[in-house]
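Undergrad:
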Amino acid sequence: MKKCILIPDSFKGTMTSIQVSTIMKQVILDHWPDCEVISIPVADGGEGTVDCFLQILGGEKISVKTKNPYMEEIDSFYGLAGDVAIIEMAASAGLPLVMDRLNPLETTTYGVGELITDAIARGSKKLIIGLGGSCTNDAGAGMAAALGTKFYNAKRESFIPVGGTLSKVRSIDKKETELLTKGLEIIGICDIDNPMYGEQGAAYVFSPQKGADQPMVELLDRELRIFAAVMEKESGVEVSNMKGAGAAGGMGAGVITFLNGYLKQGINTVLDLVEFEKLLEGCDAVFTGEGRLDTQSFFGKVVAGIARRAKPYNIPVIAVVGIMDENMSEIFDEGVTEVYETARGRNNFAEIKANCIEDLRLALEGIPMICKK
């Protein structure tokens with residue numbers, strides 16, 4: 149093997165994509181010391197997104213003081229590679245930041261807007277915003293407020309909406325935000341297709357993990373419905389049913405409406421940045437992977453996304469996954485050549501986590517392309 153590309157996702161809860169790609173590289177070089185190994189770790193928009201993109205693009209992590217989801221000052225960060233800023237919203241609006249204070253009625257994305265403001269001040273021309281791991285349900289209103297957007301209630305009073313007060317917004321003035329972001333390319337990366345509201349929307353699907361009980365879920369959904377009508381009236385963009393609008397508590401809709409940005413699958417964002425098709429020249433195999441290969445893997449996840457892009461070039465795509473569900477034969481139609489499991493036979497998550505590194509090594513050692521010359 150003369151050249152291979154390693155482009156795994158994280159194995160959720162056990163190993164980051166950087167850890168997975170590092171182990172893959174070690175095993176491959178043990179058998180093929182002269183092999184050219186290109187490592188491209190992937191993140192899905194949540195925690196670890198900045199680290200993954202900096203690994204790919206180079207650059208540095210910028211430390212910034214921002215507000216947390218309860219408007220308290222914290223130390224936050226984003227990545228900067230030339231004029232490209234990589235922002236993971238979880239750094240200022242993530243679940244771990246609220247600990248035992250989970251309440252999507254009251255949390256805000258204001259700190260995310262402060263990260264964006266700092267990145268623009270440093271000359272960024274392209275913003276990649278990871279939409280994942282949030283504790284919020286404010287449709288990006290807090291983010292927009294930090295960037296100068298004004299939200300007015302029925303008394304024409306300006307305020308910063310949160311998940312439980314979105315319905316109080318009667319009008320929106322985003323002139324300052326438009327001036328600040330003019331000429332920028334802004335991408336929200338997410339791997340879900342959920343609309344802004346409804347049974348498959350932000351509140352019903354994601355707010356329970358943010359602390360919402362059933363009555364709160366229904367309230368948050370009503371707030372989003374009312375707010376969406378105002379957003380669409382003010383912007384002229386029918387955003388509520390767009391795929392991904394419900395990402396990160398409606399932040400997908402916020403990126404489109406307030407930032408004039410667009411949404412893109414995380415894996416395709418990464419593949420385009422590294423010019424994946426050019427890297428395939430002279431490549432013997434692509435190694436990828438994720439924690440669980442299931443029906444959701446067909447919808448924007450890493451393994452299927454890579455396989456689709458590599459398939460026209462007839463290069464083997466080998467997936468190393470924690471567990472593969474049954475009846476996944478269609479994954480081979482997408483372009484995956486072989487699948488190897490690392491955690492099959494493990495009985496519980498604690499056991500999987502304790503053995504994940506060694507199990508990954510063992511699975512890699514069992515791949516004929518690696519262990520046989």
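Every position in the sequence shown, counted from 1, becomes a number in my numbering once 148 is added. Glycine included, each C-beta is placed from N, C-alpha and C at the ideal position.
1) Which residue from 513, 256 and 190 puts its Cα closest to that of residue 422?
2) If you measure between the beta carbons of residue 380 and residue 386, is that distance less than 8 Å?
3) Start and end of the beta strand (DSSP E) containing residue 211?
4) Compare the beta carbon distance of residue 489 and residue 466 with 8 Å and say whether it is the shorter of the two.
5) Note down, in chain order, each residue of its chain lying with its Cβ closer than 6 Å to the Cβ of residue 229, except the 5 sequence neighbours on either side.
6) Mind checking which residues open and close the beta strand (DSSP E) that includes residue 228?
7) Using the Cα positions of residue 299 and residue 501, report the straight-line distance between them to the nearest angstrom.
8) With 16 as the cutoff for other CB atoms within 10 Å, does residue 339 come out buried or exposed?
9) What runs of the beta strand (DSSP E), each 3 residues or longer, lie entirely inside the region 231-293?
10) I need the boundaries of the alpha helix (DSSP H) containing residue 352, first residue and last residue.
11) Tell me, which residues are paired with residue 306 by DSSP?
12) Cα separation between residue 224 and residue 214?
13) Kindly list the residues whose CB is nearer than 6 Å to the CB of residue 182, restricted to its own chain and excluding five residues on each side of it in sequence; keep chain order.
14) Quick one: what's got a C-beta closer than 7 Å to residue 167's C-beta in the same chain, skipping five residues either side?
15) How many angstroms separate the CA atom of residue 434 from the CA atom of residue 450?
16) List the endpoints of the continuous beta strand (DSSP E) containing residue 365.
17) Please list the terminal residues of the continuous beta strand (DSSP E) segment that includes residue 411.
18) Would you mind sorting residue 438 into buried or exposed? The rule is 16 or more other CB atoms within 10 Å of its CB.
19) If we call anything under 8 Å between Cβ atoms a contact, is residue 212 one with residue 272?
20) Looking at the structure shown, is residue 154 part of a helix, part of a strand, or coil, going by DSSP?
21) If you count every other CB in all the chains shown that lies within 10 Å of the CB of residue 285, and 16 or more means buried, which is it?
22) By Cβ distance, which residues of its chain are closer than 6 Å to residue 193, with the 5 residues on each side in sequence left out?
23) How would you label residue 177, buried or exposed, when you count the other beta carbons within 10 angstroms and need 16 or more for buried?
24) Under a Cβ-count criterion, where at least 16 other Cβ atoms within 10 Å of its own Cβ denotes burial, should residue 319 be classed as buried or exposed?
25) Report the rounded CA-to-CA distance for residue 170 versus residue 346, giving the unit in angstroms.
26) Would you check if there are 3 or more beta carbon pairs closer than 8 Å linking the region 353-363 to the region 290-298?
27) Using only the alpha-carbon positions, how far apart do residue 238 and residue 520 sit?
28) Return yes when the Cβ of residue 456 is within less than 8 Å of the Cβ of residue 482, no when it is not.
29) Quick check: the Cα distance between residue 180 and residue 163, rounded to an integer number of angstroms?
30) Work out the CA separation of residue 441 and residue 477 for me, nearest whole Å.
31) Can you tell which of 333, 452, 248 and 222 has the C-alpha that lies nearest to the C-alpha of residue 262?
32) DSSP state of residue 515, grouped into three classes?
33) Hey, residue 403 and residue 288 are a contact pair by Cβ (cut 8 Å); roughly how many whole angstroms apart?
TA: So, from the data block:
1) 190
2) yes
3) 208-215
4) no
5) 205, 206 and 207
6) 221-229
7) 46 Å
8) buried
9) 232-236 and 274-278
10) 350-354
11) 300
12) 6 Å
13) none
14) none
15) 12 Å
16) Where residue 365 is concerned, there is no enclosing beta strand (DSSP E), although the alpha helix (DSSP H) it sits in stretches over 362-383.
17) 410-412
18) buried
19) no
20) strand
21) buried
22) 278, 279, 280, 337, 338 and 414
23) exposed
24) exposed
25) 41 Å
26) no
27) 43 Å
28) yes
29) 24 Å
30) 11 Å
31) 222
32) coil
33) 6 Å
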